[in-house]
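Participant: Numbering-wise (the numbering used here), the sequence shown opens with residue -3 and increments by one.
All C-beta atoms in this analysis are idealised placements derived from N, C-alpha and C, irrespective of residue type, glycine included.
Sharing a structure with you now.
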Amino acid sequence: MTTEIGIDDFTRVDIRAGTILRAEPFPEARKPAIKLWIDFGPELGEKRSSAQITVHYTPETLVGRQVMAVVNFPPRQIGPVRSEVLVLGASDADGAIVLLAPERPVPNGARMH
């Protein structure tokens, strides 16, 4: 069952498009993950994140990809990485994460409506 929310709740979540500039393995993570550096354009700049996306992605295949991320959650410390944004994805049939991305290129920092 899904809990209904109002439009005001939705508009408080700031979801933006960004381009992955750098990606590295994150061997210190408890679950397999990749460290990401994402460009969210001139307003927000570059932000860091960690994502458990190793089933479908390698660091080499991520650079240059656009992703969607929540940019207004407070930062979280994940081992030695300070995660500043939450990169969004959906679970495939086996539970592995597939990244959410714009259908076509948009400016970095573009807000989801």
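Our contact map puts F69 next to S46 with C-beta atoms below 8 angstroms; I'd like the distance itself, whole angstroms only.
Facilitator: As a working mapping, residue 69 is identified with position 73 in the sequence shown. As a working mapping, residue 46 is identified with position 50 in the sequence shown. No, F69 and S46 are not in contact; Cβ-Cβ is about 13 angstroms, not under 8 angstroms.
Participant: With P21 as the anchor, note down where its alpha helix (DSSP H) starts and where it stops.
Facilitator: In the sequence shown, counting from the first residue as 1, residue 21 sits at position 25. No alpha helix (DSSP H) contains P21, which is instead part of the beta strand (DSSP E) from I11 to P21.
Participant: Taking Cβ positions, are V63 and V83 nearer each other than 8 angstroms?
Facilitator: As a first step, residue 63 must be located in the sequence shown, where it is residue number 67. As a first step, residue 83 must be located in the sequence shown, where it is residue number 87. Yes.
Participant: Just how far apart, CA to CA, sit D90 and V51?
Facilitator: As a first step, residue 90 is located in the sequence shown; it is residue number 94 there, counting from the start. As a first step, residue 51 is located in the sequence shown; it is residue number 55 there, counting from the start. About 10 angstroms.
Participant: Give me the Cα-Cα distance between K43 and G105, rounded to the nearest whole angstrom.
Facilitator: For the purposes of this step, residue 43 is taken as the residue at position 47 of the sequence shown. For the purposes of this step, residue 105 is taken as the residue at position 109 of the sequence shown. Using only the alpha carbons, I get a separation of about 11 angstroms.
Participant: By Cβ distance, which residues of its chain are closer than 8 angstroms to R61, with the 5 residues on each side in sequence left out?
Facilitator: Counting from one through the sequence shown, the residue named residue 61 turns up at place 65. Only T15, I16, L95 and A97 meet the Cβ criterion.
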